[in-house]
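Here the structure is laid out as structure tokens; the discussion comes afterwards.
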Amino acid sequence: MISPLRTWIPVALLLLFVLPLAAEDGGKLTREQKVRGDREKVLSAGYWIYNDFEKGLAEANKTGKPLIVVLRCIPCEECVKLDEEIMESDPVLRPLLDKYVRVRIVGTNGLDLNLFQYDYDQSFAVFLMNADKTIYGRFGTRSHRTDWTSDVSIEGLAKAMDLGLKLHANYPANQKWFAGKKGDEPLYPSPEKFPSLKGKYTDSLNYEGNVVQSCIHCHQIGDAQKSVFRDQSKPIPDEYLFPYPHPKVLGMIIDPSEVNLLKEVTEGSIADKAGLEAGDKVFALNGQAILSIADIQWVLHHAGKTDTLEAIIERGDEKLKRTITLPEGWRQQDDLSWRVSSWPMRGMMLGGLVVEQATPEQRAAAGITDPGKMALRVRFVGRYGKHALAKNKGFKVNDILTGYDGQDDLIRETDLLAYAAKNCMPGEEVEINFIRGTKPMSITLPMQK
Numbered sequence: 030m031i032s033p034l035r036t037w038i039p040v041a042l043l044l045l046f047v048l049p050l051a052a053e054d055g056g057k058l059t060r061e062q063k064v065r066g067d068r069e070k071v072l073s074a075g076y077w078i079y080n081d082f083e084k085g086l087a088e089a090n091k092t093g094k095p096l097i098v099v100l101r102c103i104p105c106e107e108c109v110k111l112d113e114e115i116m117e118s119d120p121v122l123r124p125l126l127d128k129y130v131r132v133r134i135v136g137t138n139g140l141d142l143n144l145f146q147y148d149y150d151q152s153f154a155v156f157l158m159n160a161d162k163t164i165y166g167r168f169g170t171r172s173h174r175t176d177w178t179s180d181v182s183i184e185g186l187a188k189a190m191d192l193g194l195k196l197h198a199n200y201p202a203n204q205k206w207f208a209g210k211k212g213d214e215p216l217y218p219s220p221e222k223f224p225s226l227k228g229k230y231t232d233s234l235n236y237e238g239n240v241v242q243s244c245i246h247c248h249q250i251g252d253a254q255k256s257v258f259r260d261q262s263k264p265i266p267d268e269y270l271f272p273y274p275h276p277k278v279l280g281m282i283i284d285p286s287e288v289n290l291l292k293e294v295t296e297g298s299i300a301d302k303a304g305l306e307a308g309d310k311v312f313a314l315n316g317q318a319i320l321s322i323a324d325i326q327w328v329l330h331h332a333g334k335t336d337t338l339e340a341i342i343e344r345g346d347e348k349l350k351r352t353i354t355l356p357e358g359w360r361q362q363d364d365l366s367w368r369v370s371s372w373p374m375r376g377m378m379l380g381g382l383v384v385e386q387a388t389p390e391q392r393a394a395a396g397i398t399d400p401g402k403m404a405l406r407v408r409f410v411g412r413y414g415k416h417a418l419a420k421n422k423g424f425k426v427n428d429i430l431t432g433y434d435g436q437d438d439l440i441r442e443t444d445l446l447a448y449a450a451k452n453c454m455p456g457e458e459v460e461i462n463f464i465r466g467t468k469p470m471s472i473t474l475p476m477q478k
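In my numbering, the protein residues as written are 30 to 478.
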């Protein structure tokens, strides 16, 4: 039951961000019902332009308003949690939305990947842009499978939108701050053209048939990018293996309720060594205006194996310049395990095993005393398709992996997946050493596409 305290929530805002979680008979909605219901409600309200970016551009050109483009995976349960938070929160969001041309995209079929480049493991992404396709900023970050509160908030979105309006009012005099926000040419111009997706999907959703099965999900773009290299037995490049590194890798902890405020700088981190401090505002990074954590991730995504980033920091009334030096291996400190795209990688390189770092007690029980040595506990064994390979080969839950292809220093699941993506190609066989109880064992596992 909706509390009377929430009756201020505009119907149109609710239509954007929330979909009923139960069917009329009290049961849970199917994915098909969610997607069809979302389309029906949004179209009937008329507040959002639905799945038609070109129409949004025309409206923005006509009105002079900026665009807000929301890419949203309707069936994603974690995204629904974000929706519920938005539904229950800040009433200033509606007046801000009124000042934008609002476009809602719920499938990536036919999506222009020259323009819409973002972390494809996200299921909720926002673009603030001009009618000439200049991107003012991105919004939408996730660094955990279920906990999103440290990365996004309704307050942060509202402040990013407000700043977007101010930037739009000063455009094009300020266009130098946005020059780096458009990416390089993609591997393929739209998702359905990737070899692993071609022939399975078209450039539009099929509302006449099974709409869910016709939809290319965001994470499938990332999977398809990796497959371009994996299918040719080539190492997966770092920018596809570790896309959009989170700024906490540098020790930058951004307040999600603000735009670019550092609420903490980790002691001894890359950011700390660069002279950044808690309370600083990251006004610009490498010449790009910063509206959110996602904007920082965009800059990091395009940084090299070693690199320097020029930051403009607001500290009180001062604007300061700071140089952030990225050392070798900085990108690899990010975490892959939360990503949806880690699941197909587990099939390729672990035969469907899901592993995690063993606890000190589990290490001790297995006789592993060196903290620098690998000890990855099997917490799940896949059962279907190529994810059943490890099960069929004899692996079991609670096995402790101690070696992989001769390597015994792969401390995290992320380290193992990254090593295998670079060194263990489809068709090759890899010896995996492990301990079951107190007994050392080994199994040879074929690598898969």
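We put the beta carbon where it would ideally sit given N, CA and C, even for glycine.
Self-check item: Bounding residues of the alpha helix (DSSP H) (the contiguous stretch that carries S371)
Solution: For this step, residue 371 is matched to residue 342 along the sequence shown. Residues 371 to 379.
Quiz item: Roughly how many angstroms lie between the CA atoms of D213 and V155, to the nearest whole one?
Solution: Indexing the sequence shown from 1 puts residue 213 at position 184. Indexing the sequence shown from 1 puts residue 155 at position 126. When rounded, the distance between both Cα atoms is 19 Å.
Quiz item: Tell me, which residues are paired with D150 by DSSP?
Solution: The sequence position of residue 150 within the sequence shown is 121, counting from 1. Answer by DSSP bridge pairing: none, since D150 is not bridged.
Quiz item: Are there 16 or more other CB atoms within 10 angstroms of the CB of R167, so buried, or fewer, so exposed?
Solution: Residue numbering aside, residue 167 sits at position 138 when the sequence shown is read from its first letter. Looking at its Cβ environment, which holds 16 or more other Cβ atoms inside 10 Å, R167 is buried.
Quiz item: In its own chain, which residues sit with a C-beta less than 6 Å from the C-beta of L100, not counting the 5 before and 5 after it?
Solution: Position 71 of the sequence shown holds residue 100. Excluding residues within five positions, the ones whose Cβ falls inside 6 Å are I134, A154.
Exercise. From the DSSP output, in three-state form, read off I265 for me.
Key: As a position in the sequence shown, residue 265 is number 236, starting the count at 1. It is coil, neither helix nor strand.
Quiz item: With distances taken between CB atoms, is the gap from I283 to F312 smaller than 8 Å?
Solution: Taking the sequence shown and counting its residues from 1, the one referred to as residue 283 is at position 254. Taking the sequence shown and counting its residues from 1, the one referred to as residue 312 is at position 283. Cβ distance not < 8 Å, so I283 and F312 don't count as in contact.
Exercise. Please classify S172: does DSSP put it in a helix, a strand, or coil?
Key: Position 143 of the sequence shown, counted from the first residue, corresponds to residue 172. Three-state DSSP puts S172 in coil, outside helix and strand.
Practice problem: Identify the continuous beta strand (DSSP E) that holds F463 and give its terminal residues. | Solution: The residue labelled residue 463 in the question sits at position 434 within the sequence shown. Run containing F463: 458 to 465, per the beta strand (DSSP E) assignment.
Practice problem: Grab the span of the beta strand (DSSP E) containing M281 for me, first residue to last. | Solution: The residue you call residue 281 lines up with position 252 of the sequence shown. Looking at the DSSP string, the run of the beta strand (DSSP E) that includes M281 is 281 to 283.
Practice problem: Could you tell me whether the region 351 to 361 touches the region 258 to 274, using the rule of 3 or more Cβ pairs below 8 Å? | Solution: yes
Quiz item: Whose CA, out of A387, S219, V98, lies closest to the CA of V408?
Solution: Taking the first residue of the sequence shown as 1, we reach residue 408 at position 379. Sequence check: residue 408 is Arg here, not Val. The option with the nearest alpha carbon to R408 is A387.
Quiz item: Looking at C-beta atoms only, is the number of pairs between the region 396 to 405 and the region 428 to 436 that lie closer than 8 Å three or more?
Solution: yes
Quiz item: For D301, which residues of its own chain have a beta-carbon under 7 Å away from its beta-carbon, when the five flanking residues on both sides are left out?
Solution: The sequence position of residue 301 within the sequence shown is 272, counting from 1. The answer, listed in chain order, is G280, V294, T295.
Quiz prompt | Spatial neighbours of A395 in its chain, beta-carbon cut-off 6 Å, leaving aside the 5 residues before and after | solution = Counted from its first residue, the sequence shown places residue 395 at position 366. Answer for A395: I429, I464, listed in chain order.
Quiz item: Per DSSP, L196 is paired with what?
Solution: For the purposes of this step, residue 196 is taken as residue 167 along the sequence shown, with counting starting at 1. Answer is none; L196 lacks a bridge partner.
Quiz item: Which whole runs of the beta strand (DSSP E) in the region 72 to 109 are 3 residues long or more, in chain order?
Solution: 96 to 101
Practice problem: Can you have a look at G414 and say buried or exposed, based on whether 16 or more other CB atoms are within 10 angstroms of its CB? | Solution: Your numbering for residue 414 matches position 385 in the sequence shown. Exposed is the call here.
Practice problem: Going by CA-CA distance only, name the one from D437, P475, G423 that's closest to M454. | Solution: Within the sequence shown, the letter at position 425 stands for residue 454. When each option's Cα is compared against that of M454, the closest is P475.
Practice problem: Could you give the DSSP three-state label for R368: helix, strand or coil? | Solution: Within the sequence shown, numbered from 1, the residue matching residue 368 stands at position 339. In this structure, R368 counts as coil in the three-state DSSP scheme.
Practice problem: Enumerate in chain order the residues of its own chain whose CB-to-CB distance from E457 is below 8 Å, with the five nearest sequence positions on each side excluded. | Solution: Working through the sequence shown from its first residue, we reach residue 457 at position 428. Once the five neighbours on either side are set aside, the close Cβ partners of E457 are P475, M476.
Exercise. Indicate the three-state DSSP secondary structure (helix, strand or coil) for A417 in the structure shown.
Key: On the sequence shown, position 388 is the one that residue 417 refers to. Reduced to three states, the DSSP call for A417 is helix.
Quiz item: Can you name, in chain order, every residue of its own chain whose Cβ lies under 6 Å from the Cβ of E460, other than the five neighbours on each side?
Solution: Taking the first residue of the sequence shown as position 1, residue 460 is located at position 431. Counting only Cβ-Cβ distances below 6 Å, and skipping sequence neighbours, we find S471, T473.
Quiz prompt | Three CB pairs or more closer than 8 Å across the region 324 to 342 and the region 231 to 238 | solution = no
Quiz item: If you drop the 5 nearest sequence neighbours on each side, which residues of the same chain put their C-beta closer than 7 Å to that of L192?
Solution: For the purposes of this step, residue 192 is taken as the residue at position 163 of the sequence shown. Only V288, L320 meet the Cβ criterion.
Practice problem: Kindly give me the distance between the Cβ atoms of V130 and L96, rounded to whole angstroms, as I take these residues to be in contact under 8 Å. | Solution: Position 101 of the sequence shown, counted from the first residue, corresponds to residue 130. Position 67 of the sequence shown, counted from the first residue, corresponds to residue 96. Contact flag correct, Cβ pair sits at about 5 Å.
Practice problem: Give the DSSP bridge partners of T352, in chain order. | Solution: Translated into the one-based positions of the sequence shown, residue 352 becomes position 323. For T352, which the question treats as bridged, DSSP gives the partners E339.
Quiz item: If you run the structure through DSSP and keep just helix, strand and coil, what is K211?
Solution: In the sequence shown, counting from the first residue as 1, residue 211 sits at position 182. Reduced to three states, the DSSP call for K211 is coil.
Quiz item: Which residues in the same chain have their Cβ closer than 7 Å to the Cβ of L446, if we skip the five residues on either side of it in sequence?
Solution: If you number the sequence shown from 1, residue 446 lands on position 417. So the qualifying residues of the chain are L365, S371, M374, M378.
Exercise. Helix, strand or coil for R412, going by three-state DSSP, please let me know.
Key: Sequence index remark: in the sequence shown, residue 412 carries index 383 (1-based). In this structure, R412 counts as coil in the three-state DSSP scheme.
Exercise. Leaving aside the five residues before and after V410 along the sequence, list all residues of the same chain whose C-beta is less than 7 Å from its C-beta, in chain order.
Key: The residue you call residue 410 lines up with position 381 of the sequence shown. For V410, where only same-chain residues beyond five positions count, the Cβ hits under 7 Å are G381, L382, A419, K420, F424, K425, V426.
Self-check item: Candidates R65, G185, S243, of which the one nearest L226 by Cα
Solution: Position 197 of the sequence shown holds residue 226. For the residues R65, G185, S243, the minimum Cα distance to L226 belongs to S243.
Quiz item: Would DSSP call I299 helix, strand or coil?
Solution: Taking the first residue of the sequence shown as position 1, residue 299 is located at position 270. Here I299 sits in helix by DSSP.
Self-check item: Buried or exposed (CB count within 10 angstroms, at least 16 for buried), A189
Solution: Along the sequence shown, read from residue 1 onward, the residue named residue 189 stands at position 160. Its Cβ being crowded by 16 or more others within 10 Å, A189 is buried.
Self-check item: Straight-line Cα distance separating L157 from R259
Solution: In the sequence shown, residue 259 corresponds to position 230, counting from 1. In the sequence shown, residue 157 corresponds to position 128, counting from 1. About 34 Å.
Quiz item: Which whole-angstrom value is the C-beta distance of D437 and P285, which I expect to be below 8 Å?
Solution: Your numbering for residue 437 matches position 408 in the sequence shown. Your numbering for residue 285 matches position 256 in the sequence shown. With a Cβ gap of about 38 Å, D437 and P285 do not count as contacting.
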